[in-house]
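Going by UniProt numbering, the first residue of the sequence shown is number 1, and it counts up by one from there.
For every residue, glycine included, the Cβ atom is placed at its ideal position computed from N, Cα and C.
Please read these numbers as outputs of a predicted model, since none were measured by experiment.
Heads up, the thing below is written out as structure tokens.
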Amino acid sequence: RMSVPISISNPDLARHSTELFMDSGFSPLSQRMGAMVAFDRFEDFTRNFDEVISCFADPPSECALFSEARATIYEEEDAKNVHEEPIHILNITLRWAEHTEDEKLVPIFRAFAQSKKNILVNCGLRRITFLIVQQREFPKFFTFRARDE
1 RMSVPISISN
11 PDLARHSTEL
21 FMDSGFSPLS
31 QRMGAMVAFD
41 RFEDFTRNFD
51 EVISCFADPP
61 SECALFSEAR
71 ATIYEEEDAK
81 NVHEEPIHIL
91 NITLRWAEHT
101 EDEKLVPIFR
111 AFAQSKKNIL
121 VNCGLRRITF
131 LIVQQREFPK
141 FFTFRARDE
């Protein structure tokens, strides 16, 4: 991360710092893209899953500069593995859960992720995280990764 001071009194500085972050000429190899959505209940998310996943339906076109840079940094075999590596992340925040015990939530979320595995893989999802917010408590996070079965 880089901290760039932005001052309203100096619009030229604000313009340059914005351009710095909007320059997409070269993306680092560890780039991630994703979405964060919020629903009241898990059932609301499952009902709207198709709409949420449609955000990832079109794979990003690969920039020629990115391909060339990757080829010079990695051997051919490694470059192929990097290309096949999923990059998308989906975070789902739920305001209310029928169960609050981890032992009951994990099988529900795991079953959902497994039932949608082909779709998630086809859309390039690297991981899906369910976040359960609870009043007066820390939120609970449940992450399921593509590399895990």
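What's the C-alpha gap between residue i and residue j?
{"i": "T93", "j": "F138", "result": "13 angstroms"}
{"i": "D148", "j": "N48", "result": "25 angstroms"}
{"i": "I89", "j": "M33", "result": "6 angstroms"}
{"i": "E103", "j": "S54", "result": "30 angstroms"}
{"i": "V52", "j": "A38", "result": "11 angstroms"}
{"i": "E43", "j": "E98", "result": "10 angstroms"}
{"i": "F141", "j": "W96", "result": "13 angstroms"}
{"i": "A146", "j": "I132", "result": "21 angstroms"}
{"i": "L120", "j": "R136", "result": "33 angstroms"}
Among the options, which residue has its Cα nearest to the Cα of residue i?
{"i": "I108", "options": "I119, Q135, T129 and M36", "result": "T129"}
{"i": "residue 150", "options": "V106, D40, R41 and E85", "result": "In the structure as shown, the chain begins at 1 and stops at 149. Residue 150 is therefore absent and cannot be evaluated."}
{"i": "R127", "options": "K116, V133 and E101", "result": "K116"}
{"i": "G124", "options": "E85, L131 and V133", "result": "E85"}
{"i": "Q31", "options": "I87, D40, T46 and A57", "result": "I87"}
{"i": "A122", "options": "Q134, A35 and A57", "result": "Here residue 122 is Asn; the residue named in the question, Ala, does not match the sequence. Looking at the Cα atoms, A57 is the closest of the given residues."}
Would you decide whether residue i is buried or exposed? Buried here means 16 or more other CB atoms lie within 10 Å of its CB.
{"i": "R110", "result": "exposed"}
{"i": "A113", "result": "buried"}
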